[in-house]
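Shown next, in structure tokens, is the structure this report addresses.
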């Protein structure tokens, strides 16, 4: 259902693939159609807020292609986003449901937010 609009072309492999979690959030916040789920608070710094945590978790479950009877929850998604802190892909941000893209996500260099 969501596969095609969330596909990423991987230049290293030369084919489309499912997005990593940080790429998924980049696609969500850059697409006006999903502004009810997440949106930028500060575009220049890459800070975004998740507006509907339960729905974004379900959308991520579909995009990821997770075939499990256990539900995907916001807690699991947020934990996965926090794993990116140590690598610099994401940075901590103050505020509930608030995250920030880091330099290793390509923010500001290989891609910039849509204005």
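In the working numbering, the protein residues as written are 753 to 867. Glycine residues also receive a C-beta, built at the ideal position from the N, C-alpha and C atoms. The structure presented is a predicted model; accordingly, all values stated were derived computationally and were not measured.
In angstroms with no decimal places, state the Cα-to-Cα distance between residue i and residue j.
i           : j           : result
residue 858 : residue 846 : 21 Å
residue 786 : residue 780 : 6 Å
residue 770 : residue 811 : 13 Å
residue 808 : residue 818 : 14 Å
residue 840 : residue 789 : 24 Å
residue 758 : residue 813 : 12 Å
residue 861 : residue 822 : 37 Å
residue 767 : residue 827 : 31 Å
residue 762 : residue 830 : 25 Å
Can you give me the Cβ contacts of residue i inside the same chain, cut-off strictly under 8 Å, excluding the 5 residues immediately before and after it?
i           : result
residue 791 : 781, 800, 801 and 803
residue 842 : 774, 833, 834, 836, 851, 852, 853, 854 and 857
Whole-angstrom Cβ separation of residue i and residue j, contact assumed at under 8 Å?
i           : j           : result
residue 848 : residue 797 : Contact flag wrong, Cβ pair sits at about 18 Å.
How should residue i be labelled, buried or exposed, when 16 other C-beta atoms within 10 angstroms of its C-beta is the threshold for buried?
i           : result
residue 778 : buried
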